[in-house]
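Worksheet for the structure shown next.
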Amino acid sequence: MTRTTASCCSSANLAYVSSWQQPPGEHYVELEFLALGATVETTISDPYPLAEALTFVRDHLDSNHDPRWPGRRPFWDLESAAESKLVRRLLQRRFPDLYQRLASALEQADPYDVVYPNNPGEYNDVIHEFLVMADPVDGDLTRLSQTQITDLLKAALARCFGERLDETKLQHTVTLLRTTPAPDTTI
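When you line the sequence shown up against the working numbering, it's residues 1 to 187, in that order.
Structure representation (structure tokens):
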């Protein structure tokens with residue numbers, strides 16, 4: 001039996017595949033992911049053939065597959081500009097302050113270098129995803145730690161863009177989001 005261990009990192013996910021102390025042709029798979037600031041380990045203990053083991057690893061490392069929130073596709077899988085506009089208007093009405101703060105922080109920090117002058121709204125889908133995932137706190141960021149906000153934002157960005165982002169700009173986005181005061185709505 002060959003002793004083989006492989007590991008691969010993607011964002012906050014880590015996967016191990018090993019044939020050590022397994023029957024010939026079988027592989028042990030261990031998957032780990034970061035969930036709201038704490039490492040959560042998922043272990044698949046049964047031995048699997050290599051092709052099946054690698055399927056688990058591929059799905060785990062796929063930036064569009066986040067085990068913290070079920071579903072491989074974004075929650076807001078919109079098919080038309082009219083649907084997108086409707087969702088945006090509803091979320092802006094429900095979360096006016098947070099929607100604006102997210103838009104401002106994302107466009108200013110621009111973790112994917114997609115914002116050009118006079119071209120707002122490039123991160124609307126990310127904002128939609130973030131608001132869905134922040135539903136347990138009803139959009140109240142004061143109830144989330146900086147690490148939790150970072151994790152939610154990273155997951156929202158991965159669901160929409162699915163490619164490597166600039167971590168420094170991500171941290172800048174979180175800083176902007178946490179330090180931007182809520183607008184005064186008193187009259």
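The beta-carbon is built from N, C-alpha and C at its ideal position, and this holds for glycine as well. Owing to the predicted nature of the structure, the values given are computational and were not obtained by experimental measurement.
- Listed as beta-bridge partners of Leu54 by DSSP are no residues whatsoever.
- A distance below 8 Å separates the beta carbons of Ile149 and Leu177.
- In the three-state reduction of the DSSP assignment, Leu86 falls in the helix class, which pools H, G and I.
- The residues Arg143 and Leu144, in chain order, have a CB closer than 7 Å to that of Val137 in the same chain once the five nearest residues on each side in sequence are set aside.
- Within the same chain, Cβ atoms closer than 7 Å to the Cβ of Pro111 are found at Leu157, Leu165, Asp166, Lys169, Leu170 and Thr173, the five residues on either side in sequence being excluded.
- Taking the Cα positions, Asp151 is about 26 Å away from Tyr116.
- Ser18 sits in a strand when the DSSP states are folded into three classes.
- One thing to note: Gly139 has its Cβ no nearer than 8 Å to the Cβ of Leu106.
- Apart from sequence neighbours up to five positions away, the residues of its chain that approach Phe95 with a beta-carbon distance below 8 Å are Leu131 and Gly139, ordered along the chain.
- Partner residues in the beta bridge of Tyr28, as assigned by DSSP, are Ser18.
- Of the residues assessed, Asn119 falls on the exposed side of the cut-off, its CB having fewer than 16 other CB atoms within 10 angstroms.
- Rounded to the nearest angstrom, the Cβ distance from Asp125 to Cys160 is 4 Å, consistent with a contact under 8 Å.
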